[in-house]
Amino acid sequence: MINKKVGIVIPVYNVEFYLKECLEGVINQTYKNFTALLINDGSSDNSLEIAKEYAKKDERFII
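Numbering (UniProt numbering), first residue to last: 1 to 63.
Shown next as structure tokens:
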């Protein structure tokens with residue numbers, strides 16, 4: 001069976017209270033062959049910093 005890569009697009013705008021839960025949910029999926037593109041739209045909270053933290057420790061996350 002071919003292990004196809006899945007693309008996930010996650011819009012990010014002032015969601016610092018929910019972003020970690022969202023990204024942990026993606027990480028904990030049983031299917032691991034994915035790339036997650038985090039699209040930050042000028043957040044004024046700590047959303048971008050959280051996204052950068054995940055992108056730094058997991059190459060499947062791209063900002």
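Every residue gets a Cβ at the ideal spot worked out from N, C-alpha and C, and that includes glycine. This structure is a prediction, so every number in the text was calculated from the model and none was measured.
Legend entry - Closest Cα partner of GLY42 within the set PHE61, GLU16 and ALA36: Position 42 of the sequence shown, counting from 1, holds the residue named residue 42. Distances from the CA of GLY42 to each of PHE61, GLU16 and ALA36 were compared; the closest alpha carbon is that of GLU16.
Legend entry - Same chain, Cβ closer than 7 Å to ARG60, neighbours up to 5 away in sequence not counted: Within the sequence shown, the letter at position 60 stands for residue 60. Result list for ARG60: PHE34, THR35 and ALA36, in chain order.
Inset, instruction - Could you name the residues of the same chain whose beta carbon sits closer than 8 Å to that of ILE8, not counting the 5 residues immediately before and after it, in chain order? - result: Reading the sequence shown from its first residue, position 8 is the one you call residue 8. The answer, listed in chain order, is VAL26, PHE34, THR35, ALA36 and LEU37.
Inset, instruction - Measuring alpha carbon to alpha carbon, tell me which of ASN28, ASN3 and ALA51 ends up nearest LEU19. - result: In the sequence shown, residue 19 corresponds to position 19, counting from 1. Comparing Cα-Cα distances from LEU19 to each of ASN28, ASN3 and ALA51, the minimum goes to ALA51.
Legend entry - Residue interval of the alpha helix (DSSP H) (run including ILE50): Start at 1 with the first residue of the sequence shown, and residue 50 comes out as number 50. Element bounds for ILE50: 47–57.
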